[in-house]
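Residue numbers (our numbering), protein chains in the order written: chain A, -15 to 260; chain B, -15 to 260.
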């Protein structure tokens, strides 16, 4: 899925991602990679089990070096968040407590508002095996949880960070249907071009007795035109189709398969199964 | 992040996920895990490099056994999609072609509509290193691409599947602010309860000379009440706070730190730094 354009400016802003006692370097690296894809750059680690820096993290980060190199390490969660104004805790389990619980969409809208207002924010992610303690959740302002299948809720930390990072990116987009690239500009053909195709095709078919019996011809023409009109054909596509019709019209089959080309025999039956 | 409730019915519906020539079993397993989290269950593989079944895939699937066990393997992409009505191809690179390009939000809305209409759909994901060929993209109806950081676009297939699966789940939700669990029901206290706290606190402070000079008292009371009113306190929280005030009011410090408790000396200064 690589499509990096290194001439473009790297987006690097938004909430800090704080991993509490992460164990596997691979997970830390995948977190960095997830963040970089969606323009987040500030990674903080509280007591990573295998120390820091970590070669496995670097390898798994897939060149998100700007995130890995700027990663900060803390002894306690309190130190890791002391400069922040607003913090979310992620959790998949219901907690006994009084904190508001938000969906990722709502949470990233809040984070985006606070970012615009100049506040510093962060999102906490717990240990691989058992997440955050209740005491750690208590340090956050609000809880964010993911809309997973209740009967199979098993996101790892890199997946959870990916989803939050992705929603962060989307929270900054005015139009959620926006895509990074558009298909080649395709202008629909003019009606004159479309009618040219109709004329060519209908003349060539008529010359072969396609429109039979005569009384059915208007209905058959109508159906044929409906098929071609529904497609919003471009000029280029009409050229392709006219070439196809022209080829059938002008040339007979060069390698008949055991019998002579039907067109030569004038026996091509009108297929009006769809035209009745 | 594990929060599976195995008593709940497993969601298993929606588009098929089709991986074209996946190489690493770990990635196939992570794809299955991602799908299961968001209620997708139909995984199809076109020529997996290491054959099938694959122990590494099973291990990485983290108990998404219902997805792994039902995975089907095909020799060609054409065979893998021949029973489907509508297919998306995922790609991070701009392609020369005439296909519509959609964001994940738009694409999953379309997939949801087709699902409701009884159509069978699928989403194609390419090889780890270089994605889908142009010929493979050409077999799809439309293209879906992710809103990544243009200067760092590097999603692996499991991440890409995770995002599509997540958007699929969201496309079925009426309210994107919905969360799986809610905080414990918290009813805001009545004003009578709040005024009780005001009275207790102000009386206890007044008895200690907090409101000095006398002329500033109305403004200081107003500011104090503003602090407490902004919090939408619950009955329970008001009980906690009244207990705190009562403790300060009734008991003197039992272990003075080197000097006598200030309250006993009656020298507690009015801190009106925030009350000016």
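C-beta atoms are modelled at their ideal positions from N, C-alpha and C, and glycine is treated no differently.
Ends of the alpha helix (DSSP H) at residue 186 of chain A? Note, residue 186 of chain A: alpha helix (DSSP H), 175 to 190.
Suppose you measure from the CA of residue 209 of chain A to the CA of residue 226 of chain A; what does that come to, to the nearest Å? Distance from the CA of residue 209 of chain A to the CA of residue 226 of chain A, rounded to the nearest whole angstrom, comes to 14 Å.
Using a Cβ-Cβ distance under 7 Å, would residue 60 of chain A count as near chain B? Residue 60 of chain A does not count as touching chain B.
Starting from the beta carbon of residue 154 of chain A, find every residue of chain B whose beta carbon is closer than 7 Å, and list them in chain order. Near residue 154 of chain A (Cβ distances below 7 Å), the residues of chain B are 131.
Could you check whether the Cβ of residue 125 of chain B sits closer than 6 Å to any heavy atom belonging to the ligand HEM? This structure lacks the ligand HEM; in fact it carries no ligand of any kind.
Work out the CA separation of residue 7 of chain A and residue 141 of chain A for me, nearest whole Å. If you take the alpha carbons of residue 141 of chain A and residue 7 of chain A, they lie about 11 Å apart.
Residue(s) in a DSSP beta bridge with residue 228 of chain B: Residue 228 of chain B has no beta-bridge partner at all, per DSSP.
So what does DSSP say about residue 115 of chain A, is it helix, strand or coil? Secondary structure of residue 115 of chain A (DSSP, three-state): strand.
Residue 313 of chain A: contacting residues in chain B (beta-carbon distance under 9 Å): As displayed, chain A neither begins before -15 nor continues past 260, which places residue 313 of chain A out of reach and without an answer.
Does the distance from the CB of residue -1 of chain A to the CB of residue 115 of chain A come in under 7 Å? Against a cut-off of 7 Å, the Cβ pair of residue 115 of chain A and residue -1 of chain A comes out as no contact.
With a threshold of 7 Å between beta carbons, is residue 11 of chain A in contact with chain B? For residue 11 of chain A, the nearest beta carbon of chain B is not closer than 7 Å to its own beta carbon.
Chain A within 7 Å of residue 236 of chain B, Cβ atoms only: Taking Cβ atoms only, chain A never reaches closer than 7 Å to residue 236 of chain B, which makes this a no.
Report the three-state DSSP secondary structure of residue 3 of chain A (helix, strand or coil). Residue 3 of chain A: strand per DSSP, three-state reduction.
7 Å Cβ cutoff met for residue 68 of chain A and residue 42 of chain A: Their beta carbons are not under 7 Å apart, which means residue 68 of chain A does not touch residue 42 of chain A by this criterion.
Does residue 66 of chain A pass the burial test, meaning 16 or more other C-beta atoms within 10 Å, or should it be called exposed? Exposed, by the Cβ-count rule.
Opposite residue 74 of chain B in the DSSP bridges: which residues? Looking at the DSSP assignment, residue 74 of chain B forms a beta bridge with B:128.
In whole angstroms, give me the CA-to-CA distance for residue 200 of chain A and residue 207 of chain A. Residue 200 of chain A and residue 207 of chain A: Cα-Cα distance of roughly 11 Å.
Note down, in chain order, every chain B residue with its Cβ under 7 Å from the Cβ of residue 89 of chain A. Neighbours of residue 89 of chain A on chain B, chain order: 160, 161.
What are the boundary residues of the alpha helix (DSSP H) that includes residue -2 of chain B? Where residue -2 of chain B is concerned, there is no enclosing alpha helix (DSSP H), given that its DSSP letter is neither H nor E.
I'd like the list of long-range same chain contacts for residue 46 of chain A, defined as Cβ closer than 8 Å, with 5 residues on each side in sequence excluded. Answer for residue 46 of chain A: 13, 17, listed in chain order.
Is DSSP giving residue 99 of chain B helix, strand or coil here? Judged by DSSP in its simplified three-state form, residue 99 of chain B adopts helix.
Does any residue of chain A bring its CB to less than 7 Å from the CB of residue 78 of chain B? Chain A contact via Cβ: present.
Chain A partners of residue 22 of chain B, CB-CB under 7 Å? Per Cβ cutoff of 7 Å: 132, 133.
Contacts of residue 175 of chain A in chain B (Cβ-Cβ under 9 Å): Result: empty, since nearest Cβ-Cβ is about 20 Å, beyond 9 Å.
Could you please tell me which residues of the segment 20 to 54 of chain A, in chain order, have their CB closer than 8 Å to any CB of chain B? Contact residues of the segment 20 to 54 of chain A toward chain B are 20, 21, 22, 23, 46, 47, 48 (C-beta to C-beta distance below 8 Å).
Going by the DSSP bridge assignment, what does residue 289 of chain A pair with across the sheet? Here chain A covers residues -15 to 260 and nothing more, so residue 289 of chain A does not appear.
Below-7 Å beta-carbon distance, residue -15 of chain A vs any chain B residue: Note that residue -15 of chain A scores 47 on pLDDT, short of 50, meaning its location in the model is unreliable and no value can be drawn from it.
Between the alpha carbons of residue 36 of chain B and residue 113 of chain B, how many angstroms are there, rounded? Rounded to whole angstroms, residue 36 of chain B to residue 113 of chain B spans 20 Å at the Cα level.
In angstroms with no decimal places, state the Cα-to-Cα distance between residue 130 of chain B and residue 87 of chain B. So the alpha carbons of these two residues sit roughly 6 Å apart.
Around the C-beta of residue 133 of chain A, are 16 or more other C-beta atoms found within 10 angstroms, so that it is buried, or is it exposed? Residue 133 of chain A is buried by the Cβ-count criterion.
Would DSSP call residue 171 of chain A helix, strand or coil? Looking at residue 171 of chain A - three-state DSSP - the assignment turns out to be coil, as it is neither helix nor strand.
In whole angstroms, give me the CA-to-CA distance for residue 99 of chain A and residue 90 of chain A. Near 14 Å, if we compare the C-alpha coordinates of residue 90 of chain A and residue 99 of chain A.
Out of B:30, B:123, B:52, which one is the CA nearest neighbour of residue 10 of chain B? Cα-wise, what sits closest to residue 10 of chain B is B:52.
Terminal residues of the beta strand (DSSP E) in which residue 28 of chain B lies: Where residue 28 of chain B is concerned, the enclosing beta strand (DSSP E) stretches over 27 to 30.
Among A:34, A:48, A:152, which one has its Cα closest to the Cα of residue 97 of chain A? Taking only the C-alpha atoms, the option nearest residue 97 of chain A is A:152.
Count the other CB atoms, across all protein chains shown, that sit within 10 Å of the CB of residue 74 of chain B; report buried if there are 16 or more and exposed otherwise. With 16 or more Cβ atoms within 10 Å of its Cβ, residue 74 of chain B is classed as buried.
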